Amino acid sequence: MALDKNGIARRIAQELRDGWYVNLGIGIPTLVANFIPEGIDVEFQSENGILGMGPFPFEGDEDADLINAGKQTITALAGASLFDSATSFGMIRARKVQLTVLGAMEVSDRGDIANWKIPGRMVKGMGGAMDLVASAENIIVAMQHSNREGESKLLTECTLPLTGVGCVKKVVTDLAVLDIDPERGFILRERAPGVGVDEIVAKTAGRLVVEGAIPEMRL
Amino acid sequence: MALDKNGIARRIAQELRDGWYVNLGIGIPTLVANFIPEGIDVEFQSENGILGMGPFPFEGDEDADLINAGKQTITALAGASLFDSATSFGMIRARKVQLTVLGAMEVSDRGDIANWKIPGRMVKGMGGAMDLVASAENIIVAMQHSNREGESKLLTECTLPLTGVGCVKKVVTDLAVLDIDPERGFILRERAPGVGVDEIVAKTAGRLVVEGAIPEMRL
Amino acid sequence: MIRKVVANADVALDGLTDGMTLMVGGFGLCGIPENLIAALRKRGTRNLTCISNNAGVDGFGLGLLLETRQIRKMISSYVGENDEFERQMLSGELEVELIPQGTLAERCRAAGAGIPAFFTPAGFGTEVAEGKEVRMFGGKPYLLEHAFDADFALVKAWKGDEAGNLIFKGTARNFNPMMAMAGRVTVAEVEELVPAGTLDPNAIHVPGIFVHRIFQGAHYEKRIEQRTVRPKNPAI
Amino acid sequence: MIRKVVANADVALDGLTDGMTLMVGGFGLCGIPENLIAALRKRGTRNLTCISNNAGVDGFGLGLLLETRQIRKMISSYVGENDEFERQMLSGELEVELIPQGTLAERCRAAGAGIPAFFTPAGFGTEVAEGKEVRMFGGKPYLLEHAFDADFALVKAWKGDEAGNLIFKGTARNFNPMMAMAGRVTVAEVEELVPAGTLDPNAIHVPGIFVHRIFQGAHYEKRIEQRTVRPKNPAI
Numbered sequence: 279m280a281l282d283k284n285g286i287a288r289r290i291a292q293e294l295r296d297g298w299y300v301n302l303g304i305g306i307p308t309l310v311a312n313f314i315p316e317g318i319d320v321e322f323q324s325e326n327g328i329l330g331m332g333p334f335p336f337e338g339d340e341d342a343d344l345i346n347a348g349k350q351t352i353t354a355l356a357g358a359s360l361f362d363s364a365t366s367f368g369m370i371r372a373r374k375v376q377l378t379v380l381g382a383m384e385v386s387d388r389g390d391i392a393n394w395k396i397p398g399r400m401v402k403g404m405g406g407a408m409d410l411v412a413s414a415e416n417i418i419v420a421m422q423h424s425n426r427e428g429e430s431k432l433l434t435e436c437t438l439p440l441t442g443v444g445c446v447k448k449v450v451t452d453l454a455v456l457d458i459d460p461e462r463g464f465i466l467r468e469r470a471p472g473v474g475v476d477e478i479v480a481k482t483a484g485r486l487v488v489e490g491a492i493p494e495m496r497l
Numbered sequence: 279m280a281l282d283k284n285g286i287a288r289r290i291a292q293e294l295r296d297g298w299y300v301n302l303g304i305g306i307p308t309l310v311a312n313f314i315p316e317g318i319d320v321e322f323q324s325e326n327g328i329l330g331m332g333p334f335p336f337e338g339d340e341d342a343d344l345i346n347a348g349k350q351t352i353t354a355l356a357g358a359s360l361f362d363s364a365t366s367f368g369m370i371r372a373r374k375v376q377l378t379v380l381g382a383m384e385v386s387d388r389g390d391i392a393n394w395k396i397p398g399r400m401v402k403g404m405g406g407a408m409d410l411v412a413s414a415e416n417i418i419v420a421m422q423h424s425n426r427e428g429e430s431k432l433l434t435e436c437t438l439p440l441t442g443v444g445c446v447k448k449v450v451t452d453l454a455v456l457d458i459d460p461e462r463g464f465i466l467r468e469r470a471p472g473v474g475v476d477e478i479v480a481k482t483a484g485r486l487v488v489e490g491a492i493p494e495m496r497l
Numbered sequence: 005m006i007r008k009v010v011a012n013a014d015v016a017l018d019g020l021t022d023g024m025t026l027m028v029g030g031f032g033l034c035g036i037p038e039n040l041i042a043a044l045r046k047r048g049t050r051n052l053t054c055i056s057n058n059a060g061v062d063g064f065g066l067g068l069l070l071e072t073r074q075i076r077k078m079i080s081s082y083v084g085e086n087d088e089f090e091r092q093m094l095s096g097e098l099e100v101e102l103i104p105q106g107t108l109a110e111r112c113r114a115a116g117a118g119i120p121a122f123f124t125p126a127g128f129g130t131e132v133a134e135g136k137e138v139r140m141f142g143g144k145p146y147l148l149e150h151a152f153d154a155d156f157a158l159v160k161a162w163k164g165d166e167a168g169n170l171i172f173k174g175t176a177r178n179f180n181p182m183m184a185m186a187g188r189v190t191v192a193e194v195e196e197l198v199p200a201g202t203l204d205p206n207a208i209h210v211p212g213i214f215v216h217r218i219f220q221g222a223h224y225e226k227r228i229e230q231r232t233v234r235p236k237n238p239a240i
Numbered sequence: 005m006i007r008k009v010v011a012n013a014d015v016a017l018d019g020l021t022d023g024m025t026l027m028v029g030g031f032g033l034c035g036i037p038e039n040l041i042a043a044l045r046k047r048g049t050r051n052l053t054c055i056s057n058n059a060g061v062d063g064f065g066l067g068l069l070l071e072t073r074q075i076r077k078m079i080s081s082y083v084g085e086n087d088e089f090e091r092q093m094l095s096g097e098l099e100v101e102l103i104p105q106g107t108l109a110e111r112c113r114a115a116g117a118g119i120p121a122f123f124t125p126a127g128f129g130t131e132v133a134e135g136k137e138v139r140m141f142g143g144k145p146y147l148l149e150h151a152f153d154a155d156f157a158l159v160k161a162w163k164g165d166e167a168g169n170l171i172f173k174g175t176a177r178n179f180n181p182m183m184a185m186a187g188r189v190t191v192a193e194v195e196e197l198v199p200a201g202t203l204d205p206n207a208i209h210v211p212g213i214f215v216h217r218i219f220q221g222a223h224y225e226k227r228i229e230q231r232t233v234r235p236k237n238p239a240i
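Protein chains in written order, with our numbering: chain D, 279 to 497; chain A, 279 to 497; chain L, 5 to 240; chain H, 5 to 240.
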């Protein structure tokens with residue numbers, strides 16, 4: 279059965295390693311913070327200027343001066359630090375953040391990503407996404423395998439305007455976990471519980487490599 | 279009579295304007311702080327990271343963590359701020375410092391300055407001088423008119439390795455105040471009390487413009 | 005001490021005229037110069053170019069200046085959450101330049117640090133790169149980006165002193181420090197204005213040299229865009 | 005929380021090997037990592053390239069590593085006040101690269117901010133410009149300068165916490181923050197190490213993400229180079 283949003287987030291959380299600084303995008307990526315594995319210490323960075331971001335505040339404790347990049351009210355954990363936007367993107371570009379998780383409209387089998395603009399629709403802007411994808415060494419895309427029209431979002435070539443080129447290393451969808459090898463395309467690593475390889479093959483438009491038996495995700 | 283070091287500093291202090299931020303180099307420039315005219319508020323910047331630098335501390339109050347760019351113990355005035363070296367040179371390059379006063383070995387009649395290196399002698403380095411002269415809009419050089427060998431330090435062309443090109447606007451020496459017009463050379467503005475124009479002409483090797491009566495400095 | 009304190013937001017905008025380029029601090033509605041925006045609306049200055057990460061919301065923040073058509077062009081990284089903005093943009097009344105957020109921050113920082121241009125990886129291979137110089141460093145492509153040039157910077161801090169020193173609180177810092185450093189004329193409004201010598205010189209975020217005018221804002225609404233909370237555990 | 009605290013200076017230098025490039029914080033003897041320099045001397049690592057504004061004095065600061073010939077090359081803006089330095093430089097034992105101080109600071113900052121190169125006016129028309137790209141911006145010439153690349157950064161702060169956050173005091177800040185941000189491995193020694201949550205998150209100068217190892221220095225001498233004082237007025 280295809281994963282729901284929390285399932286995708288839960289699977290991505292398994293990629294966290296002890297001691298990592300992590301930037302989570304808006305949407306499914308934000309949910310990853312709810313599934314940090316036992317014994318793993320990570321610290322969350324929000325690009326508007328905080329490290330050591332904690333959970334939402336208790337009712338009544340909201341502070342207009344403490345928000346995340348999604349403009350949601352947040353808290354700061356012990357050991358947190360606050361800084362300006364130049365410093366924030368400085369640490370992103372200098373690769374001090376070990377993992378970036380973000381959503382996408384399309385991903386190509388060479389790791390290109392499109393997630394900011396649909397021609398003909400109101401363009402809201404790229405925010406920090408272009409800086410993040412151009413800088414991070416380790417980017418995981420969290421998204422549905424297909425769009426609302428049922429078309430694959432894993433393509434040979436992105437059709438939408440790009441956010442970044444050759445930067446995505448891993449994609450976790452409602453159906454599968456796939457690595458990206460720019461030479462060979464999407465490498466199928468795991469399938470969602472109960473989802474068959476055939477379905478993934480059918481729903482992946484880009485080059486897809488299926489080697490050996492593909493295990494089910496353990497969630 | 280030629281001015282002593284304090285005389286040069288006193289004359290330069292007359293150039294201060296209310297509300298200016300000022301960077302004073304090592305040597306004679308440092309003395310300028312002792313002669314701030316009545317009713318003029320200026321704030322001193324030291325490039326190692328302080329604005330609002332005050333006088334030397336009282337005996338016993340020295341703090342190893344509070345020094346100026348000359349490595350001398352200092353104090354901080356009310357309203358002072360401390361910052362890192364990148365921010366410090368940022369404000370210098372962005373022209374937030376209205377006046378820079380520094381010493382020189384040679385100045386050319388087009389505003390070139392040499393003050394960091396003598397071939398064949400141990401080179402200690404340029405410190406912040408190259409940043410200061412390349413950035414400041416308003417640079418006054420404080421120096422003796424002639425060197426120890428009696429040779430003019432105001433030249434057509436600097437003979438020593440340059441610190442900066444076409445940057446000096448004004449020179450105050452023990453003999454005279456001179457503006458620099460890159461087209462015309464040194465423009466004699468004032469002479470030290472009792473010093474004749476002839477002596478200044480004789481001791482200035484670069485192009486010198488003497489127009490009309492040259493007043494004595496008022497100190 | 006150098007005199008920087010002005011009476012109020014109206015006086016603080018002296019010299020701000022039609023057609024100028026402004027930087028306006030804040031991220032979303034967090035850390036925006038509320039009093040200066042209100043004064044600017046009252047002042048009616050038109051044809052402005054605003055460099056600001058966002059464009060406010062309908063009825064608040066820069067949305068107030070969009071309503072009155074005072075803004076000709078927005079330079080931002082993200083402009084959602086604003087119907088009037090969308091209407092003006094789609095009708096062609098408003099010009100919009102979208103810039104990656106880190107590039108926006110760094111172009112402000114460069115202006116305040118006297119760095120005319122720098123290389124950054126953001127946007128390579130995208131439409132942001134069009135017309136820009138690309139250069140490889142360490143085998144990776146970078147774009148050449150330039151410092152901004154702003155006539156005025158309008159920023160908001162938590163505390164400030166008479167010497168112009170600023171301290172921010174929480175994530176309300178965001179773009180304010182770099183914009184403060186970048187403005188040809190920088191105006192800071194603060195929640196609390198204190199005498200010089202009150203703030204710890206070690207804890208200053210923006211040294212006073214960058215701030216030309218400072219005043220204590222008359223009133224702060226500090227609106228929250230996304231109020232997200234968790235329930236207090238009733239068992240505790 | 006991410007674990008960064010190490011037992012002492014010796015452990016903190018784990019992995020620092022012959023031939024590496026180090027950044028060493030401080031301006032003169034102000035804000036230098038005394039304990040790390042002592043440990044590095046004990047460790048005997050050789051053939052080092054040191055990026056540091058100054059080179060210490062005879063018998064203190066980096067002078068200690070010059071005595072033992074551990075430094076092959078110094079990259080500094082000013083290297084006076086050091087006879088052993090002068091001897092080694094003149095004899096050709098020590099390589100020296102002199103860089104304008106602001107360029108030195110900005111090249112550190114660029115490394116920590118992921119900016120591979122930038123333009124700066126310092127040194128145009130001088131021997132510093134030799135071999136460098138010159139470009140005009142706004143009618144003024146600038147040089148292209150590159151980010152440094154340092155295997156280790158050794159910095160000293162006043163206070164630090166277990167999360168690696170650093171706070172500096174006075175002008176001991178100087179190059180330490182940018183170097184902390186620039187090191188591939190950044191080691192911070194602090195006068196006082198406190199639990200996470202003790203320091204005000206608004207007052208942090210270097211966020212912990214930049215600091216890989218932290219410890220409280222065993223002892224600080226904090227030598228003064230130029231003790232300048234004024235007499236206390238006996239009448240008061």
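Beta carbons: idealized from backbone N, C-alpha and C, even for Gly.
Every value quoted in this text rests on a predicted model; they were computed, and no experiment measured them.
At a cut-off of 7 Å, the C-beta of Pro125/L has a neighbouring C-beta in chain D. In terms of CA proximity to Leu147/H, Phe122/H leads the group Phe122/H, Ala161/H, Thr72/H. Within the region 82-165 of chain L, the runs of beta strand (DSSP E) that reach at least 3 residues and sit entirely inside it are, in chain order, 99-102, 121-124, 138-141, 144-150, 154-165. Leaving aside the five residues that flank Tyr299/D on each side, the residues in its chain whose CB is nearer than 6 Å to its CB run, in chain order, Glu321, Gln323, Val375, Gln376. Distance from Ala392/D to Glu384/D at the Cβ level is roughly 4 Å; contact confirmed, criterion being Cβ atoms closer than 8 Å.
Under the 7 Å criterion on CB atoms, Pro205/H is classed as interfacial with respect to chain D. Distance from the Cα of Glu195/L is smallest, within the candidate group Met183/L, Gly129/L, Ile171/L, for Ile171/L.
At the C-beta level, Ala454/D and Ile306/D stay beyond 7 Å of one another. By the criterion of at least three beta-carbon pairs nearer than 8 Å, the region 63-77 of chain L is not in contact with the region 117-136 of chain L. Each of Ala167/H, Pro37/H, Ala207/H, Glu90/H was checked against the Cα of Phe64/H, and the nearest Cα belongs to Pro37/H. Contact annotation: in the region 310-332 of chain A, residues whose CB is within less than 7 Å of a CB in chain H are Glu325, Asn326, Gly327, Ile328.
With respect to Gly221/L, Glu193/L sits close: the two C-beta atoms are nearer than 7 Å. Residues of the region 19-39 of chain H whose Cβ lies closer than 7 Å to any Cβ of chain L: none. Under the three-state reduction of DSSP, Glu71/H is assigned to helix.
The criterion of a C-beta distance shorter than 7 Å is not satisfied by Met404/A and Ile213/L. Setting aside the 5 residues that flank it on each side, Ala200/H is surrounded in the same chain by Met5, Asp165, Glu166, Ala167, each with a C-beta closer than 6 Å to its C-beta; the list follows chain order. Bridge pairing for Tyr299/A: Glu321/A [DSSP]. With fewer than 16 other beta carbons inside 10 angstroms of its own, Pro460/D counts as exposed. Around the beta carbon of Ser95/H, fewer than 16 other beta carbons lie within 10 angstroms, which makes this residue exposed. Contact note: Tyr146/L reaches chain H through Ile119, Pro120, Ala121, using a C-beta cutoff of 9 Å and chain order.
For Leu52/L, the beta-bridge partners assigned by DSSP are Ile75/L. Straight through space, the alpha carbons of Asn180/L and Thr451/D are spaced by roughly 38 Å.
Between Leu70/L and Gln92/L, the beta carbon gap of about 6 Å places them in contact (Cβ cut-off 8 Å). A Cβ-Cβ separation of about 7 Å places Glu325/A in contact with Phe367/A under the 8 Å criterion. Across the region 455-478 of chain A, no CB contact with chain L closer than 7 Å is found for any residue. Check the Cα spacing between Arg227/H and each of Gly472/A, Asp343/A, Lys431/A, Asn312/A: the tightest is with Asp343/A. Taking 7 Å as the cut-off, the beta carbon of Leu456/A is found no closer than this to the beta carbon of Val488/A. Around the CB of Lys236/H, fewer than 16 other CB atoms lie within 10 Å, so the residue is classed as exposed. With respect to the C-alpha of Gly84/H, the residue from Glu429/A, Ile418/A, Val401/A having the closest C-alpha is Val401/A. Each of Arg462/D, Ala354/D, Gly442/D, Leu380/D was checked against the Cα of Gly332/D, and the nearest Cα belongs to Ala354/D.
Closer than 7 Å to the CB of Phe152/H there is not a single CB belonging to chain L. Taking 7 Å as the CB threshold, Lys173/H lines the interface with chain L. Fewer than three Cβ pairs drawn from the region 280-289 of chain A and the region 478-494 of chain D lie within less than 8 Å of each other, which leaves the two stretches out of contact. In the DSSP annotation of this structure, the continuous segment of the beta strand (DSSP E) that includes Asp457/D starts and ends at 454-459.
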